[in-house]
Structure formats: C-alpha cells, structure tokens
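Protein chains in written order, with my numbering: chain A, 888 to 986; chain B, 823 to 1369. Ideal placement from N, C-alpha and C gives every residue a C-beta, glycine not left out.
Written out as structure tokens, the structure is:
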C-alpha cells in the first residue's frame, strides 16, 4: 500500500531529474537535430544550414530541461527520455545505413 | 489558470535557486551589455579619437585620397601591413591603421596600433601607440562578467555566463509558471499602498513578463555564443564522414600586396552586391598569402544589420569574388537570414538608433530583474527567520556588493581613465586596476557594513561618481580649450548627470526604508550586517530558538 501511494506521489528529485535532462535529454536534442539535418528542408552541405543546426539544438534542449521537472520521479524521467533517445538513435542510424 | 500545487512548488524552488545562483553574473552581463550599445560613445568620451586637421573639410574623404594614401603607405611599409590593415571610411580624413603588436581579435592590453596619414606638407605621418581598449573592455565585461582566464582559445568567463544563461532560461520558464495562477489578475497591478516589498514584487513580475521575448532570445543566443564549438562537435556525429563546413578552395597562387586592385573596385563590388548598403570599413587580411581576405562592414539605415554594428561582406580582395557567409537579403537565403537574424536580435541592430536605445533600456531592466529578484527573496527569507539567518545576510551583502560595486567600478574607471589618458603611455592597465580594485573594495565594504548600509552608501557613491563625469569633461576643457573633443563628450555627460540624479533618489529611498522600524528584512541595518549582528539582537528577535 505504501508503494501504491508512492507511485502517485510527485517527487521533486532535483538532482536526478536535472541529470536526466543533462544526459539522455542532451542526446535526445542532438538526435532531433540529426534528423532535421538529413530529412529537413535544405541541402545538408550548405554551411548556412549547418549554422542553423547549431542554433536549433539549444531551444530543443532547453525545452527538455524546462519540462523534465514535470516527471513524477527521476526514475521515470530517465526511463522515458532514455528509451525515446535510444529508439531515435537506432532509427536514425538504421535509416542512414540504408540510404 | 490553475496549476497543480505540487508542480507550482517545484517551479517555485526552481525559480528561487536558478535566480540566486545565476542572478549576480547576469546582472553584470546585462548592465554592461546596455553599456556596449554605446561603447563607441564611451570610448570617444574617455579618449577623443582623431581630430580632423582641416575642420572645414566635413564631407567624407574621397576614395581617391584613400587610394593615394594606400599607394604611398604600401611602398614604404608593404611587408608590415600585409598581415592586415584597416580603412575606416567614415573618418573625416584618410588614415590607415594596422596592428604592429597583437590583433583586433584578441583582447591584449599591449596591442599596438600604427596609424599612417598624410600630413599637410604631403609627407606621410606615422604614429605607433598602445591601443586604447576601453570599448573592448566593456565588451569583455559584458561577455564574461569580468571573470578572467582562458579555457582553450575561449575566455573562461564566456563559458561561465553560458551556464548562467541556461539557469536564466530555467528561471524565466519557472517564473512564468509560478505567475500563471495570478497572472491575469495582477499583471498590470503595481500596488504602492501594500508596502514596499509588494511594490518591488509587482515591478519584478511586470518587467519580467513584459520583456519575456527579449529574455528568451538573449538566453538562447548566449548559450549559442558560449558553446557553439561543443554543439558543433555534437552535431558532427550525425554528419558521418561529411564535413560540417566545406573548406574554402585554397588558391595555389600566392598573392602580393603590391598587386592589390584599386579600392574603387572593392567598393564598387560591395555596392553592387547590396545597393542599399553603404560600405564604411574595409579590413584586409593575409594579403601576401594564398588565402587573402577582405571584410567589408556595410551599414544600412533602412534594414536590419546582422553584426553588432554593421553587416559583414566577405570578399577575395584580388579576384573581388564574394565569399560564403556574407549577409544576404535575397529570397531563398532563409537559413542564413534566420541565423544572422538571431545575431541581430542579440545585438539590437535591427531598428537603428531606436533599437539601440530600446536595447539599452531593456538591458537595464534585465539587470533590475536580477537585482530585485535576489533581494525580494532574501528579504522574505530574512523576515521569516527574523534576522538570524547568517547565510542570507552574506548573500544580501554579496548581492549589493557585486551589483553596485561593478557599476561603481565602471563609472570610476571612466573618471580615472579620462584623467590619466594623456599621462600614461598605456592606460589599459589603469582601467583594469581601477575596475577590479574598486569592485573588490566595495564588495568588502558591503560585507563589513551589511547590505542595508552598503546599499545606501553605494548609491551615494554612485551618484557622486556619475556627477564627476561631466566635471571631468569641464576640467579637461579648462586645461585644454578644445570644443571639438568637448562636444563629442556631451551625450555621455548628459546621461551621467541623469543617472547621478537617479542614484541620488534611490539612495534617499533606501535611507528612508532603513530608518523605518526594523522588520528584520534585508533593509534593516541590524539584521543585514553579517559581521555586526550581536548575540543580543539575535536572541531578542528570535525568542523561539530557546529550548
């Protein structure tokens, strides 16, 4: 019963959630940029687009950092962000190896 | 709008701690950023630049004069200036400048600048001086909050401010979340009758929400400026074996400065590229090499400019070919327009002088946001613990010391710098000593006397120091009656007088609040003095602590 109640409880978990944004969150932001670089509009070889990618990274990552504290616990944040990120990397490199 | 209480509490703590940790650094970054909007005016104030010999010749120097000077100079000093030289076409007379020591890119106090111009007798005149770097130092203060040292080829302070910008973004988001439940009701409420704290809180919220888009842009761009190299490294993973940027095609031919095409052709090529722009500055680099470069700074009064002062056009100086990363107003250049637009949004160069003044005000309001944020929270916390919280006392002293101390140090540096400029051979070191010494002394003073008294005295000092600036101009005019240089100082003197008044007013308000019956907050003399709180006051104000 105690475990049941803990599940519904919201835990601050400052350090754990912040670290979830800093590690899997960072990797997530990078892979999003990677997808945009290859499959977004424009030519990947254009230097201007590369500069755009650098700028695109920051708001994505800041977005993750801003909402990571909404997760119920650090564990949940790590699991969710981590699995999404791993999945995205797998898809990305699969697509690139096929192309 | 309703927000769940546990989430509200989470974001409340997030707002507090990100604000407290990053607030002081950001305060310096913001007010110094405001000053950079007028750094050339400040530079002109502290050391009047080249005065035209022939006052009557007010219209711009003709290209032919520049060409004549360039031809003469390069026959004499061709090898010296091949590494790079600069022509500032806005100057009232033709002058060629280059660095004989250091470069424009690095901030070294020993940069030596050579200036060559044509004297009235037709002979070339040459001077070599230490470059006066007040404007660059203000810029450095803005980018690094005054933190010295280097990491790799980057300034350490820039990284520190980059991290502060991440915290600042979190503080913005969490501040908005905390405000959401009451935003609609109290956004425009500035309640003066509910006590000073409420008035400060209302102002803090109003300024924060009203300038939110500006702050999001600043946070975003600062992180990009600080960490772009690391982010590029991260992105390169996804590029596979493709390079991020294509290396420029290197010419097999080595060029030589003596075969440089006439300036007229460079100017014509730049004008042809963008007719609405006016080329104002030509910087030539690496002229005796296979990879020579020319950067043309171009000003447009009608449109947005993408650099801190101008748009940049890159040209091969021998073939006149326009190079990549030059600004573009053409359709289809959406990525480059977006990227360069971000620069413009940070530098405030999209709306002429209105934009400059707007950014000046926004920067000061931003500084107010961090100052008031820190003090509001400390005040609340000290009242709760009734003056016994030593950490709060120290933090309050640090807040007053760093914020007022940094501003005071800059104003004193202006004052000392202008007086010593003509005495010392290299005044840059005097700037550094004066800034850091005043800053450290005032921070120490703040810890000694406590936040309340330090705030009152600091504001008085500031008012006095600002009032000294126009007096200095008057003194120098009396010593050396020269109305040309005096008139170039007028704008800064006017603003300094205005701020002297503002600081005096603030000092009087602070004193009034200090003399009110002590409430145990930041502004009460006893509660805020970390080194002076005697045990008796602590005990009296905190009866619950006894077992």
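Taking its Cβ as the centre, do 16 or more other Cβ atoms sit within 10 Å of residue i, making it buried, or is it exposed?
i: residue 921 of chain B; result: buried
i: residue 948 of chain A; result: buried
i: residue 1267 of chain B; result: buried
i: residue 908 of chain B; result: buried
i: residue 1272 of chain B; result: buried
i: residue 1065 of chain B; result: exposed
i: residue 933 of chain B; result: buried
i: residue 859 of chain B; result: buried
i: residue 1146 of chain B; result: exposed
i: residue 1183 of chain B; result: exposed
i: residue 1124 of chain B; result: exposed
i: residue 925 of chain B; result: exposed
i: residue 1284 of chain B; result: buried
Within 7 angstroms (strictly less), CB to CB, does residue i reach chain A?
i: residue 983 of chain B; result: no
i: residue 837 of chain B; result: no
i: residue 1149 of chain B; result: no
i: residue 850 of chain B; result: no
i: residue 1297 of chain B; result: no
i: residue 1158 of chain B; result: yes
i: residue 832 of chain B; result: yes
i: residue 1063 of chain B; result: no
i: residue 1046 of chain B; result: yes
i: residue 1293 of chain B; result: no
i: residue 1199 of chain B; result: no
i: residue 828 of chain B; result: yes
i: residue 847 of chain B; result: no
i: residue 840 of chain B; result: no
i: residue 1066 of chain B; result: yes
i: residue 823 of chain B; result: no
i: residue 888 of chain B; result: no
Nearest to residue i by alpha carbon, out of the options?
i: residue 1278 of chain B; options: B:1227, B:934, B:944, B:895; result: B:1227
i: residue 1308 of chain B; options: B:1240, B:1325, B:1276, B:1219; result: B:1240
i: residue 1075 of chain B; options: B:1112, B:1280, B:924; result: B:1112
i: residue 1109 of chain B; options: B:823, B:1082, B:1122, B:1097; result: B:1082
i: residue 1143 of chain B; options: B:846, B:1027, B:1101, B:1095; result: B:1095
i: residue 1316 of chain B; options: B:1263, B:1294, B:1031; result: B:1294
i: residue 1027 of chain B; options: B:1253, B:1007, B:938, B:1044; result: B:1007
i: residue 1087 of chain B; options: B:1298, B:886, B:1297; result: B:886
i: residue 908 of chain A; options: A:936, A:962, A:984; result: A:962
i: residue 945 of chain A; options: B:961, B:1049, B:1125, B:1207; result: B:1049
i: residue 911 of chain B; options: B:1037, B:892, B:1016; result: B:892
i: residue 1167 of chain B; options: B:1310, B:1063, B:1181; result: B:1181
i: residue 869 of chain B; options: B:914, B:1090, B:952; result: B:952
i: residue 1097 of chain B; options: B:1133, B:1107, B:1116; result: B:1133
i: residue 919 of chain A; options: A:929, A:941, A:965; result: A:941
i: residue 1057 of chain B; options: A:922, A:986, A:974; result: A:922
i: residue 1025 of chain B; options: B:1157, B:1127, B:1194; result: B:1194
Say whether chain B places a C-beta atom closer than 7 angstroms to the C-beta of residue i.
i: residue 953 of chain A; result: yes
i: residue 915 of chain A; result: no
i: residue 888 of chain A; result: Per-residue confidence for residue 888 of chain A stands at a pLDDT of 41, beneath the threshold of 50, marking its modelled position as unreliable; no derived number is given.
i: residue 958 of chain A; result: no
i: residue 943 of chain A; result: no
i: residue 892 of chain A; result: In this prediction, residue 892 of chain A has a pLDDT of 48, which is less than 50 and means its spatial position is unreliable; what the coordinates show is noted afterwards. No - not a single Cβ of chain B is within 7 angstroms of the one on residue 892 of chain A.
i: residue 897 of chain A; result: yes
Mind pulling the chain E residues with CB within less than 8 angstroms of residue i?
i: residue 921 of chain A; result: Although the question refers to chain E, the structure presented lacks it and instead comprises the protein chains A and B.
Measure how close the beta-carbons of residue i and residue j come, nearest whole angstrom, since I'm counting them as under 8 angstroms.
i: residue 844 of chain B; j: residue 989 of chain B; result: 4 angstroms
i: residue 1250 of chain B; j: residue 931 of chain B; result: 4 angstroms
i: residue 1029 of chain B; j: residue 929 of chain B; result: That pair is no contact at about 32 angstroms.
i: residue 1370 of chain B; j: residue 969 of chain B; result: Residue coverage of chain B in this structure runs from 823 to 1369, which leaves residue 1370 of chain B outside it and unanswerable.
i: residue 953 of chain A; j: residue 992 of chain B; result: 7 angstroms
i: residue 1314 of chain B; j: residue 864 of chain B; result: 6 angstroms
i: residue 904 of chain A; j: residue 951 of chain A; result: 11 angstroms between Cβ atoms; not a contact.
i: residue 850 of chain B; j: residue 987 of chain B; result: Their Cβ separation, rounded to whole angstroms, is 13 angstroms, which puts residue 850 of chain B and residue 987 of chain B out of contact at 8 angstroms.
i: residue 1080 of chain B; j: residue 1103 of chain B; result: Actually they are not in contact, since the Cβ atoms of residue 1080 of chain B and residue 1103 of chain B sit about 23 angstroms apart, beyond 8 angstroms.
Can you list, in chain order, the residues of the segment 1049 to 1061 of chain B whose Cβ is nearer than 9 angstroms to any Cβ on chain A? 1049, 1050, 1053, 1054, 1056, 1057, 1059, 1060, 1061
Listed in chain order, which residues of the segment 923 to 937 of chain A have Cβ atoms closer than 9 angstroms to some Cβ of chain B? If the cut-off is 9 angstroms between Cβ atoms, the segment 923 to 937 of chain A has 924, 925, 928, 929, 931, 932, 933, 934, 935, 936, 937 near chain B.
Mind checking the segment 964 to 986 of chain A against chain B and listing, in chain order, the residues whose C-beta falls within less than 8 angstroms of any C-beta there? Of all residues in the segment 964 to 986 of chain A, 979, 983 have a Cβ within less than 8 angstroms of some Cβ in chain B.
In the segment 992 to 1010 of chain B, which residues sit with their C-beta less than 7 angstroms from some C-beta in chain A, listed in chain order? 992, 995
Counting only Cβ-Cβ distances shorter than 7 angstroms, please list the residues of the segment 899 to 914 of chain A near chain B, keeping chain order. Listed by position, the residues of the segment 899 to 914 of chain A near chain B (Cβ gap below 7 angstroms) are 899.
Using Cβ-Cβ distances below 7 angstroms, what residues of the segment 1113 to 1147 of chain B are close to chain A? 1146, 1147
Name, going along the chain, the residues of the segment 1160 to 1180 of chain B whose beta-carbon falls closer than 7 angstroms to a beta-carbon of chain A. 1160, 1161, 1164
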